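First up is the structure itself, then whatever we jot down about it.
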Amino acid sequence: MNLDGITLHCITNELADILKGGQISKIYQLDRRALYFRVFNEKGIHHLIITLDDSPRVYISQHMPPTPDVPTGLCMFLRKYYENGRIASIHQLHLDRIIEIAIDILDISGRVVSRKIHIELMGKYSNVIFTENGMIIEALIKTGKDTKALRTIAPKEPYDFPPNFMRMNPFEFTVDELTAMMQSGGDEPLGKWMLKRFNGMSTIVLNELSLRTGLDKEQLVLSLTSQAIISWCRAVEAFGKELQHASGAYVYTVQKKEIIFPLELSSMAQYPRRHFNLIEEYLSEYQSTHRSLNGGQEELQKKVSKLIEKQKRKIKRVAGELQETKKMDTYKLYGDLLMIYAYEKHDHEKSVTVKNLLSPQQESLLIPLNPAYSMTNNANRYYKRYAKMRNRKQKSAELHEVNQNHLNYLYSLEYALDNASTKAELTDIKAEMHQMGLIKTSARDKMKKEFSQQILTVSADGLEIWIGRNNRQNDFLTLKKAHPYDLWFHVKNQPGSHVILSCHRVSPTDRQITIAAQLAAYYSKARNSSKVEVDCTLVRNVKKPAHAVPGFVIFDKQTTYIAEPKNWVQE
Numbered sequence: 054m055n056l057d058g059i060t061l062h063c064i065t066n067e068l069a070d071i072l073k074g075g076q077i078s079k080i081y082q083l084d085r086r087a088l089y090f091r092v093f094n095e096k097g098i099h100h101l102i103i104t105l106d107d108s109p110r111v112y113i114s115q116h117m118p119p120t121p122d123v124p125t126g127l128c129m130f131l132r133k134y135y136e137n138g139r140i141a142s143i144h145q146l147h148l149d150r151i152i153e154i155a156i157d158i159l160d161i162s163g164r165v166v167s168r169k170i171h172i173e174l175m176g177k178y179s180n181v182i183f184t185e186n187g188m189i190i191e192a193l194i195k196t197g198k199d200t201k202a203l204r205t206i207a208p209k210e211p212y213d214f215p216p217n218f219m220r221m222n223p224f225e226f227t228v229d230e231l232t233a234m235m236q237s238g239g240d241e242p243l244g245k246w247m248l249k250r251f252n253g254m255s256t257i258v259l260n261e262l263s264l265r266t267g268l269d270k271e272q273l274v275l276s277l278t279s280q281a282i283i284s285w286c287r288a289v290e291a292f293g294k295e296l297q298h299a300s301g302a303y304v305y306t307v308q309k310k311e312i313i314f315p316l317e318l319s320s321m322a323q324y325p326r327r328h329f330n331l332i333e334e335y336l337s338e339y340q341s342t343h344r345s346l347n348g349g350q351e352e353l354q355k356k357v358s359k360l361i362e363k364q365k366r367k368i369k370r371v372a373g374e375l376q377e378t379k380k381m382d383t384y385k386l387y388g389d390l391l392m393i394y395a396y397e398k399h400d401h402e403k404s405v406t407v408k409n410l411l412s413p414q415q416e417s418l419l420i421p422l423n424p425a426y427s428m429t430n431n432a433n434r435y436y437k438r439y440a441k442m443r444n445r446k447q448k449s450a451e452l453h454e455v456n457q458n459h460l461n462y463l464y465s466l467e468y469a470l471d472n473a474s475t476k477a478e479l480t481d482i483k484a485e486m487h488q489m490g491l492i493k494t495s496a497r498d499k500m501k502k503e504f505s506q507q508i509l510t511v512s513a514d515g516l517e518i519w520i521g522r523n524n525r526q527n528d529f530l531t532l533k534k535a536h537p538y539d540l541w542f543h544v545k546n547q548p549g550s551h552v553i554l555s556c557h558r559v560s561p562t563d564r565q566i567t568i569a570a571q572l573a574a575y576y577s578k579a580r581n582s583s584k585v586e587v588d589c590t591l592v593r594n595v596k597k598p599a600h601a602v603p604g605f606v607i608f609d610k611q612t613t614y615i616a617e618p619k620n621w622v623q624e
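When you line the sequence shown up against this note's numbering, it's residues 54 to 624, in that order.
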């Protein structure tokens with residue numbers, strides 16, 4: 054999601070209108086890169102969230118997000134210095150991607166002091182910095198003087214604006230003023246010239262201005278005629294006036310990527326678009342669509358995705374080693390033939406051509422030799438290569454199986470994370486990853502050994518069907534909760550939930566079995582397929598090998614059904 058200076062300008066106006074005069078009643082640090090402020094004013098309670106994930110943004114959520122049980126040090130600091138403060142103003146600086154929130158609060162001496170929150174939404178350099186009297190008192194992300202950061206961000210350091218902050222707001226100038234600037238411009242392309250001097254400029258804006266004026270943004274400023282320059286400057290001025298009356302947002306879908314802008318764009322008329330009365334409505338929808346529980350879900354998904362790619366590279370490397378071992382029989386043949394012809398004097402030659410007496414055709418064979426060794430020694434060297442390849446083949450085959458099993462396990466984690474919808478489920482997955490050594494946890498982040506046993510349950514004509522939502526729940530269901538004569542379902546050869554039809558007291562009907570199979574198909578990686586193979590067997594036939602990863606089982610005596618994925622939970 055793109056948030057340029059112009060879009061952020063409209064977001065700032067909406068925030069200022071909604072949060073005007075609000076009091077900060079509660080503060081939480083949701084994760085390493087996200088903060089939550091509960092703001093109360095005459096309009097009600099508002100849930101302000103600032104997140105610096107892959108799409109840095111600030112928005113008002115419809116609901117209070119799940120919050121950590123233990124506050125961080127930063128959270129405690131913010132509660133001390135900002136909680137119960139009143140929002141005096143919210144404004145954008147220089148049309149840049151910086152929002153400044155001024156907070157008035159009583160200090161311990163009873164004086165009203167003004168503290169500020171600087172929200173910098175600048176891609177990988179995004180940050181939230183807290184200041185008082187121009188000095189930094191805290192920051193969400195700190196950088197030291199000895200780092201390669203663009204500036205020092207640490208308590209007791211003066212707050213400096215980001216590089217390029219002093220670029221201008223193009224909509225604060227008249228046509229004549231803009232024209233004078235451009236006429237003294239250099240030999241730069243028009244688009245680059247605008248980007249270097251003005252905030253709020255982006256590829257989207259430049260494309261729109263190019264379409265409206267008929268000027269190529271790659272054309273050199275020096276080559277523009279006076280009439281062309283005036284035309285461009287008038288378009289910029291008109292664009293600024295349109296923004297003064299802009300409300301809501303247009304969201305364009307371009308190659309599965311959403312582009313948000315407060316104005317209807319002629320340059321993007323060919324793409325599907327939606328309109329929102331408020332930009333905040335879209336941002337709230339974006340958050341729910343890209344469901345991220347405290348940001349932790351997204352972070353774990355990235356971690357698992359990287360592990361999957363790493364595991365694939367391992368498998369590819371081992372496959373290459375297995376491919377190499379195909380030469381081992383050739384090496385043994387070379388050794389055997391060199392031993393047979395050892396009586397011939399071919400010492401210290403680079404190669405020898407002999408008849409292959411071990412082949413029915415007895416074809417001629419060229420065998421490379423090391424001139425430093427005799428025929429016998431060359432034969433022994435080939436035998437050693439053969440033995441080495443034989444051992445490698447055995448170990449590589451074993452390693453390939455281990456690596457493939459681990460990849461399948463990572464796929465199961467990926468599936469569980471994609472479908473986690475509650476804080477409890479995410480906590481279970483995080484605890485499992487910690488248990489497996491896939492992530493580290495800090496001392497304050499104590500992982501519980503127990504897990505959420507709120508198993509998803511469906512009633513099928515009087516019989517209960519239990520659905521595991523992650524590997525820990527799958528193990529609990531299959532190995533502890535289920536009766537040996539219950540039926541166990543799982544999608545064939547793909548990550549998915551363990552589904553148990555609790556039927557040990559009665560014989561299930563075909564409809565009950567069908568419902569369970571459809572649920573197993575739905576709660577799997579194959580959810581979007583029209584027909585899915587689902588294995589079914591008695592729980593007693595399902596075993597967990599010693600030292601197996603969570604969720605991994607082996608089974609036999611199964612029946613395979615063809616099922617259409619269906620979520621009976623919603624019905």
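C-beta: ideal position from N, C-alpha, C; glycine also. Quantities reported herein were computed from a predicted structural model and do not represent experimental measurements.
Does the beta carbon of residue i come closer than 8 Å to any beta carbon on chain B?
i, result
"residue 433", "Protein chains in the displayed structure number just one, and chain B is not present."
Just how far apart, CA to CA, sit residue i and residue j?
i, j, result
"residue 680", "residue 509", "The requested residue 680 is not part of the displayed model; the chain covers only 54 to 624."
"residue 392", "residue 430", "9 Å"
"residue 514", "residue 331", "46 Å"
"residue 138", "residue 164", "12 Å"
"residue 115", "residue 481", "26 Å"
"residue 569", "residue 462", "23 Å"
"residue 464", "residue 521", "16 Å"
"residue 616", "residue 490", "36 Å"
"residue 575", "residue 553", "14 Å"
"residue 258", "residue 240", "21 Å"
"residue 62", "residue 71", "14 Å"
"residue 608", "residue 598", "10 Å"
"residue 58", "residue 215", "14 Å"
"residue 268", "residue 111", "35 Å"
"residue 502", "residue 484", "Its pLDDT being 49, under 50, residue 502 is placed unreliably in this model, and the value from its coordinates should be taken loosely. Those two C-alpha atoms are separated by around 7 Å."
"residue 340", "residue 102", "10 Å"
Under 8 Å Cβ to Cβ from residue i, same chain only, skipping five residues before and after it: list those, please.
i, result
"residue 43", "No answer is possible for residue 43: the residues shown for the chain start at 54 and end at 624."
"residue 555", "516, 517, 518, 519, 535, 536, 539"
"residue 374", "445, 449"
"residue 144", "65, 69, 152, 153"
"residue 147", "218, 219, 220, 221, 222, 252"
"residue 325", "305, 306"
"residue 626", "Coverage of the chain is limited to positions 54 through 624, which leaves residue 626 absent and any answer about it impossible."
"residue 410", "390, 393"
"residue 580", "574, 618"
Among the residues of its own chain, which have a CB less than 7 Å from the CB of residue i, if the five just before and after it don't count?
i, result
"residue 198", "205"
"residue 335", "302, 304, 313, 329"
"residue 246", "238, 274"
"residue 551", "521, 527, 530, 531, 541, 543"
"residue 187", "211, 212"
"residue 93", "75, 76, 78"
Where DSSP assigns a beta bridge to residue i, which residues make up the other side?
i, result
"residue 510", "519"
"residue 97", "94"
"residue 185", "168, 188"
"residue 76", "93, 139"
"residue 128", "Looking at the DSSP assignment, residue 128 forms no beta bridge with any residue, so it has no partner."
"residue 602", "According to DSSP, which records beta bridges pairwise, residue 602 is partnered with nothing at all."
"residue 221", "251"
"residue 144", "153"
Leaving aside the five residues before and after residue i along the sequence, list all residues of the same chain whose C-beta is less than 6 Å from its C-beta, in chain order.
i, result
"residue 545", "586, 588"
"residue 438", "384"
"residue 249", "none"
"residue 526", "none"
"residue 442", "378, 381"
"residue 511", "518, 621, 622"
"residue 469", "482, 523"
"residue 388", "432, 435, 436"
"residue 595", "531, 541, 606, 608"
"residue 499", "Below a pLDDT of 50, predicted positions are generally treated as unreliable, and residue 499, at 49, falls in that range; the measurement from the model is reported next regardless. Closer than 6 Å at the Cβ level, and outside the excluded window around residue 499, lies no residue."
Quick check on the DSSP output: what are the complete beta strand (DSSP E) runs of length 3 or more inside the segment 231 to 315, in order along the chain?
302 to 307, 310 to 314
Output the residue ranges of the beta strand (DSSP E) runs that lie fully inside the segment 404 to 462 and measure 3 residues or longer, sorted by chain position.
404 to 408, 417 to 421
Give a yes or no on contact between the segment 256 to 265 and the segment 206 to 222, applying the rule of three or more CB pairs nearer than 8 Å.
no
Below 8 Å, can you find three or more Cβ-Cβ pairs linking the segment 218 to 227 to the segment 242 to 256?
yes
Per the contact definition of three or more C-beta pairs closer than 8 Å, is the segment 400 to 409 in contact with the segment 421 to 435?
yes
Indicate whether the contact test is met: 3 or more Cβ pairs, each with one atom in the segment 375 to 386 and one in the segment 472 to 488, closer than 8 Å.
no
Are three or more beta carbon pairs between the segment 172 to 179 and the segment 116 to 123 nearer than 8 Å?
no
Hey, which unbroken runs of the alpha helix (DSSP H) at 4 residues or more fall wholly within the segment 529 to 601?
563 to 575
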